[in-house]
Structures are given as C-alpha cells and as structure tokens.
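Chemist: Residue numbers (the numbering used here), protein chains in the order written: chain Y, 738 to 1166; chain Z, 1088 to 1464.
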C-alpha cells in the first residue's frame, strides 16, 4: 500500500534533533513554565494504567486532570483513588475535547497505541506511551511523523537504557555500554536474552486460550470501543485486559509484552538505534493459531554487520544458553552479575569514558523541548525488533528484512503481517 | 481432521509435513475444514483454524506461487459455500493473508453480508490491487449510510497505480452527505488521496469547538500538503493551517516541508524563532539547524540577530538572541565563527555564555581550550 507520499518522494522525518534550547526551564504560551504544574491525562486504567496513575500522583510537578477507560468501573475506581477535581471519560476523544492536557499517557492495549498516540500528538499534547510502541511494524513511522509535524516530545515507558538494574543480569547498562563502545569485547557481538541470562519472557503467562465459547459482553464495557481498530471477534472475558496479550489482534504475547524492556537496552549497547536486523529466524511450535498467541523457543536476529541477538524463552524446545554469556565478542565476554572474560575487563570499566548523556527525566524534555532518551525514533527501532521476532514465529521461516524500507524482502505474507489495515472508521494519518 | 488434530501447537517439522499433505488436496481439505468451523469455537473449530493457518503460511513460502494460487482458489470456493459468519470470517482472514485478484469476486460478495462486511473490507484493502479497488467501488454504488462511508474511505488505501481518477471526487461526494461522526474517516481518506477540495472543510474543523476533530483536521492538512500533486493544491492546504493557526508547529512544518531549499520561507521561520510560544520557538530553531544549509542562510540569521539586538521592551529579545546563537553553533557552518567570537565581548553575560557554547559546538573543545588559554574567557 504505497502512499502518494512515498511516490512524491516526501521528506523523511528528521533524525533526533540536536539540543538547541537553553538549559533554563522554559515558560510561556503553549509550554508549562518552571512553576507551572503539568496537566496529565491517562487513557487505559488496567494494571499498567494503575502504574501510570502512580507516576503522575507521585510527581510534584504533575497534575492529573482526567482519566479514561472503556470500562466504567475502572473509571469510577480511579476517580475514587485520585480524588480532587480529576474527571473521568469513556471515550478518549471526549476527554481531548473537554480537557486542557499537556501530557497524555497511552496505556491501552497495543492495538490502540498508534491511533491514540497520534490523536494526542495532533491535539498538541506530549505523549508518555506504553510499550510495545505499536502493534505492527508499519505503525511506528506514523507516530514518528506525528511527533515531527507537531513538534511534540514523546517517551516510551521503558527505562533500562537510561537507569536501573537490567532485570536479572545483575548490573545496569552503563558498564556494558562502556566496554562495547571502547571496543574491549571486539566486534561483531552476540547478545543472549534468555531466562539463563536473567530475562523471563513470560511466554506461557501471555498465551491466549483456545476454544473459548463466545460470551455476552458485560454492561460495564463498551466492547466495540475496546476493539476499536481491531477486527471484530465475539467477546470472551479472556480477550480483554490483562490477557489481551495472548491474542494477535491486540498484542503479541510475552515477547511483545517484555520485548522492549529487554531489547531496547541491547539495541543501545550495540549502537543500533537507527537500524534493524536483516535476517530473522525463529524456533517455535508451528503452525501458530491465527488468533491465539502460543509459545516459542528461540529467535535469532542478525544485523548486516554480523551482530546477533539470541532470544530464548526457555519455555519451549531445547535450552541452548545455559552457561553462556549475556554478551560476547571476539575479545571478551560478560556473564550475569558482571563476571567477565578476561577478568580484568570489569576493573577496566572504571577508567573508561562515560557514554553520551541522555535525558532521563521526562519533565526536563517537556520543559526544554529536548528529545527524551527513549523517544519515537530509537523506540520504534526496538519496537520493530519485537515484531520481527513475532513475524518469524508466525510464518515459521527465515525472513529477510530491509532496515531502510522496513519491508521484508520477497515475502508477501510477512509484509501483510507487518502492515495491516485497521477496521474503519479507525485509521492512521 | 486427523491431520488437523496433529497441528495444535505442533513441532515445526511435524507441522510442515502435515501442511504439505493438506496442500496436496487443498480443495477437499479446505472444504472439510470449513465444515468444522462453528460459533461455539469448539475443539474441531480450533483444529481447523490451526490447519488453515498452516496451509496459508506454507503455501505462501516465497517461490511457491502455484501453491498459494491453488490454496487461495480453494479458500474462495469454500467461502462461496460457507454456511455462517463464523466460517466465512475465518476463511476471509486466511484470504487476507494469501488472496489475490482471483479471489476478489468471492470477497466482494461478502461485502453484501452484514456479518462479514468489515472482515471482507479488511481483506480487500490488504490485497490492495486494482481488482480489489474496483470491487469496493462497485459495492459503494449500492451501499448506504455508514457502510457507504466506510467503503469510500477504504478507496484511499489503493496507491496511484490502481487509483481511478474519479475516486477523490467520489469520496468527496460521500463526505458531503455523510453523518458528522463519519467525517473524520473521510477527511483522512481525502488527505491520503491528496484531494485539495477537502481543505476548507478541514480548516473549518480546525477552528471548530471539538479539539479531537480539530486534531484529526490538523493532521489531515499536514498530510494533504504532502500528498497534493500541484503547487496550488499544496498552497491551499497550507493556507487552511495558517488561517486557523498562524503561529504553530504544524503550520511551520507543513510550509517548510513543501518549500525545501526555498530561501523565501527563511524570514518566516526566523519570525517563528522569536515566538513567545516556546514549542514554536524551539521547533523553528531545530528546522533552522536541520533544513537550511549554506553560508547565505548564516548571513541572514546574523543579520536578523543584529536587527533585533536592541531590547524594545516588548519582547524578550535576549532570549531570541540566545536561541539564534545556539542555532549558529549547531548548524555547522564555520562562517559563523568570527561573528560568534565577537560576541564573547558582549556586555550581556548570558550572550557571552551562549556564544562560548556555540563556538564549542561549532569548532569542538579545542577552541574552548585556546580561548581559555588566551584569557578571552
């Protein structure tokens, strides 16, 4: 579905803009000043939505002005929890109509992410978005376009490239980045993201259920609005939150749920923020079900320069990663808890220069208009990793991907998975 | 169905072998599987769904076009005989993956059935060929209400090579009689099609009371400006943005995206850099850095700086000057260096600090060390 835009050779969105603004806290029309509180609204009040309510309520610079969910019981519960003059909505469009919002949190299931992110951006709001950034590969570029045309700031809600212990690895990202960027592990590198290196993929937790009979939707939920752009399927309670993760129409299982948490920092370590793998191959039960997400064993994704990501669920098939390092190159290896080969690598880290600083406080991005460390551009690249893996699982064959066009080579069905139309009246700009 | 039962979360080798076996007798296999699809979503339905997915994925393997064709024909044939919406929609979704021109007639018939309309429309849009486009147009001629609006909106998914020249007018005609709730979907379609005639309606929505509809209109006008093929049409789209929001990032970005390399828009952009709206100001600064190369632009920025270096009391020109200094530092044009060096003697400490940072950005750390060593700083 090539657009006229492509045919006309329209300008592609710019890369991350350089920081031009002063470090002083800005204020003025259209932008909260140093002493202004920032008005937040949250769409989606399930498990992650509760987390976002917490982010806003804990932030002295933030004010929660509105919450929204297609389940009225959730809206009611959220309003009781937050108190004050926060208002509740069923339809996010009504919320945009009636509220004065600076930041919209999009915490709905992934089939809504692209649409609601773009609505908020075109309404002149900054966006704090849940992962995975989108449900398909093609949707990410639409978000990047909307950020650019509106001059907004966008953050994705995972943070391990910025700070924090990197799950079960036992170390944060900074020393790993220092070793890699100074060439102490050599090149190319292989990174194993596995239960054995500290990463639980939740593959079993987020599979769907087969053979559920249709149910009548409860009065509490606007099911048509919950489905939104997704194809109509008869309601079952397991289809909606939080188990929506187990159905292809809305998400992509544990891999999509955890993938950006685990893969985005790896992408950063390998300096792959502006590219994608070219070869992807999965080992998983095959065929997959067309509606219900199943288990998987291993996915290998290889970049053009030979760097490789090995994802291993350890929940299906052979487990090959036992006693293997998290990251290895021709010159060295790093295991869990920062055990290195050769051993002195761990000591050398202290002497190495720090990586380039990244903005890790979204309030700073909002007030200074500088890009957040994990934004719509690098975030889309790690989002693509998740979907590449799932496309390989679903097709059951080795896929070849073009990191520039974001299309699979010579594989029509894989491309139909990568770019899917939305159920009208919903559609992306 | 014995084979289908083996395909539930199968080992991939077993799955592949079973899929090949099913594809050898695709017509009868699809017929038999279809008979097992039902609304209760029972075990037989589950097994049939796995089997159809296996066939679709195996048949679509690159280089096996004949397999895909024969499976798609079998699915289309079964679709014509499907007894209910459940069976029909499962088959349509399989055709969404593997269908082509030959399957369009069978899918088009499903557009006339209430329970399969949306699914069939998704499949035809995904197939994306001229045949699929024509099928939607034909259905549109008979449709009414929101279904008519959806069919019209779907026509925007078809690229230029199969886009009939009458489609934009056709969609515009549907928009003229559409319910208000269907309008955003049709605006989006017309923006994708590059139909400048929709610009006034978008401009009106942009100035309307509904902020969510204004959001769609704003995005559509930006998209329209990118997709229109004549300069007059591009201008019409951008003009509507400006009429509603003269000083805004979408207006500025739309203008600059469509006047690439045109120095005529530079004064406007510099005006935006002096905006009191910080979002606009910083977006303008970013565009000056990224989109305007060359020393003549540097000269224009310096001239603009000099014109505005006196504080009029009406505006915070000191802040504008600091923005311009940073822009000069980040544009990477060394022609700005003498000017920036001179600013190191400015009476305003904030200007001196900005100039030092700009020189660092322009020339690197070495310049800073030299400047410190020579006690200029």
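Glycine included, C-beta positions come from ideal geometry on N, C-alpha and C.
1. What is the DSSP secondary structure of residue 919(Y), reduced to helix, strand or coil?
2. Does the distance from the C-beta atom of residue 1120(Z) to that of residue 1141(Z) stay below 8 Å?
3. Can the beta-carbon of residue 1069(Y) be found closer than 8 Å to that of residue 1055(Y)?
4. Consider the Cβ of residue 1209(Z): report whether some Cβ of chain Y lies at a distance smaller than 8 Å.
5. Determine, using beta-carbon pairs with one atom in the segment 829-839 of chain Y and one in the segment 799-815 of chain Y, whether at least three such pairs fall under 8 Å.
6. Using a 10 Å radius around the Cβ and a threshold of 16 neighbouring Cβ atoms, would you call residue 894(Y) buried or exposed?
7. Does the beta carbon of residue 1149(Z) sit closer than 8 Å to a beta carbon anywhere in chain Y?
8. For a contact defined as C-beta to C-beta under 7 Å, what are the partners of residue 1134(Y) on chain Z?
9. Count Cβ pairs between the segment 1126-1145 of chain Y and the segment 1007-1025 of chain Y that sit closer than 8 Å; are there 3 or more?
10. Just how far apart, CA to CA, sit residue 1187(Z) and residue 1147(Y)?
11. When DSSP labels each residue in this structure, what does residue 848(Y) get in the three-state scheme?
12. Strictly below 7 Å CB to CB, what residues from chain Y border residue 1237(Z)?
13. Going by Cα to Cα distance, which pick from 1104(Y), 1053(Y) and 970(Y) is closest to residue 1175(Z)?
14. Any contact of the segment 1106-1124 of chain Y with the segment 995-1003 of chain Y, i.e. 3+ C-beta pairs under 8 Å?
15. Hey, residue 1100(Y) and residue 798(Y): beta-carbon distance below 8 Å or not?
16. Could you name the residues of the segment 1099-1128 of chain Z whose beta carbon sits closer than 8 Å to any beta carbon of chain Y, in the order they occur along the chain?
17. Using the rule of at least 16 other Cβ atoms within 10 Å of the residue's Cβ for burial, across every protein chain shown, is residue 910(Y) buried or exposed?
18. Express the C-alpha separation of residue 1427(Z) and residue 859(Y) in angstroms, rounding to a whole number.
19. Distance, Cα to Cα, residue 1383(Z) vs residue 1098(Y)?
20. Please classify residue 1244(Z): is it buried, with 16 or more other beta-carbons within 10 angstroms of its beta-carbon, or exposed?
21. How about residue 688(Y) and residue 1006(Y): are their beta carbons less than 8 Å apart?
22. List in chain order: all unbroken beta strand (DSSP E) runs of 3+ residues lying wholly within the segment 974-1059 of chain Y.
23. In chain order, what residues of the same chain have a beta carbon less than 7 Å from the beta carbon of residue 1364(Z), not counting five sequence neighbours either side?
24. Report the partner residues of residue 1077(Y) according to the DSSP bridge assignment.
25. Any Cβ of chain Z within less than 8 Å of the Cβ of residue 849(Y)?
26. Which whole-angstrom value describes the C-beta separation of residue 790(Y) and residue 806(Y), a residue pair presumed to lie in contact below a C-beta threshold of 8 Å?
27. Helix or strand or just coil, what does DSSP make of residue 1497(Z)?
28. Which same chain residues end up closer than 6 Å to residue 1159(Y) when comparing Cβ atoms and leaving out the 5 residues on each side of it in sequence?
29. Taking residue 1144(Z) as the query, report the chain Y residues whose CB atoms sit under 9 Å from its CB, ordered along the chain.
30. Below 9 Å on C-beta distance, what does residue 949(Y) contact in chain Z?
31. So with CB distances below 8 Å, who are the chain Y contacts of residue 1289(Z)?
32. Suppose the cutoff is 6 Å on Cβ atoms and the five residues either side in sequence are ignored; what does the same chain contact list for residue 1380(Z) look like?
33. Could you say which of 1238(Z), 1274(Z), 1162(Z) and 1177(Z) lies nearest to residue 1300(Z) if we only look at CA atoms?
34. Of the residues that make up the segment 1295-1311 of chain Z, which ones have a beta carbon closer than 9 Å to any beta carbon in chain Y?
35. Is the shortest distance between the beta-carbon of residue 954(Y) and the beta-carbons of chain Z less than 8 Å?
36. Do you know how far the Cα of residue 1093(Y) is from the Cα of residue 1353(Z)?
Modeler: If we stick to the structure as given:
1. Of the three classes helix, strand and coil, the one that applies to residue 919(Y) here is coil, per DSSP.
2. Not closer than 8 Å, so no.
3. Taking 8 Å as the cut-off, the beta carbon of residue 1069(Y) is found no closer than this to the beta carbon of residue 1055(Y).
4. So, interface residue.
5. Contact holds: three or more Cβ-Cβ distances are below 8 Å.
6. Buried, by the Cβ-count rule.
7. Output row for residue 1149(Z): interface = yes.
8. Per Cβ cutoff of 7 Å: 1148.
9. Counting Cβ pairs under 8 Å, three or more are found: they touch.
10. Here the C-alpha atom of residue 1187(Z) lies approximately 16 Å from the C-alpha atom of residue 1147(Y).
11. Residue 848(Y): helix per DSSP, three-state reduction.
12. For the C-beta of residue 1237(Z), the chain Y residues within less than 7 Å are, from N- to C-terminus, 1161 and 1162.
13. Comparing C-alpha distances from residue 1175(Z) to each of 1104(Y), 1053(Y) and 970(Y) shows the shortest one belongs to 970(Y).
14. In short, these stretches touch, since the Cβ pair count reaches three.
15. Yes.
16. Interface annotation for the segment 1099-1128 of chain Z against chain Y: 1099, 1102, 1103, 1106, 1126, 1127 and 1128, criterion Cβ-Cβ distance under 8 Å.
17. The residue is buried, with at least 16 neighbouring Cβ atoms inside 10 Å.
18. Rounded to the nearest angstrom, the two C-alpha atoms are 37 Å apart.
19. Their backbone Cα atoms lie some 38 Å apart in a straight line.
20. Buried is the call here.
21. Absent from the structure is residue 688(Y), since the part of chain Y shown begins at 738 and ends at 1166.
22. Runs found: 1016-1020, 1035-1039 and 1045-1049.
23. Annotation for residue 1364(Z): 1334 place their beta carbon closer than 7 Å to its own, counting only its chain and skipping 5 residues before and after.
24. Partner(s): 1071(Y).
25. Interface with chain Z (8 Å Cβ-Cβ cutoff): residue 849(Y) is excluded.
26. At roughly 11 Å, the Cβ-Cβ gap does not stay under 8 Å, so residue 790(Y) and residue 806(Y) are not in contact.
27. A question about residue 1497(Z) goes unanswered here, because the residues of chain Z that appear run from 1088 up to 1464.
28. Cβ within range, chain order: 966.
29. Those are 1023, 1024, 1025, 1131, 1132, 1133, 1134 and 1150, listed as they occur along chain Y.
30. Chain Z residues near residue 949(Y): 1128.
31. Within chain Y, no residue comes near residue 1289(Z); the closest Cβ sits about 12 Å away, beyond 8 Å.
32. Annotation for residue 1380(Z): no residue places its beta carbon closer than 6 Å to its own, counting only its chain and skipping 5 residues before and after.
33. For residue 1300(Z), the closest of 1238(Z), 1274(Z), 1162(Z) and 1177(Z) by C-alpha to C-alpha distance is 1274(Z).
34. Those residues of the segment 1295-1311 of chain Z that come within reach of chain Y (Cβ to Cβ, closer than 9 Å) are 1296, 1297, 1298, 1299, 1300, 1301, 1302, 1303, 1304, 1305, 1306, 1307, 1309 and 1310.
35. So no, residue 954(Y) is outside the interface.
36. Near 32 Å, if we compare the C-alpha coordinates of residue 1093(Y) and residue 1353(Z).
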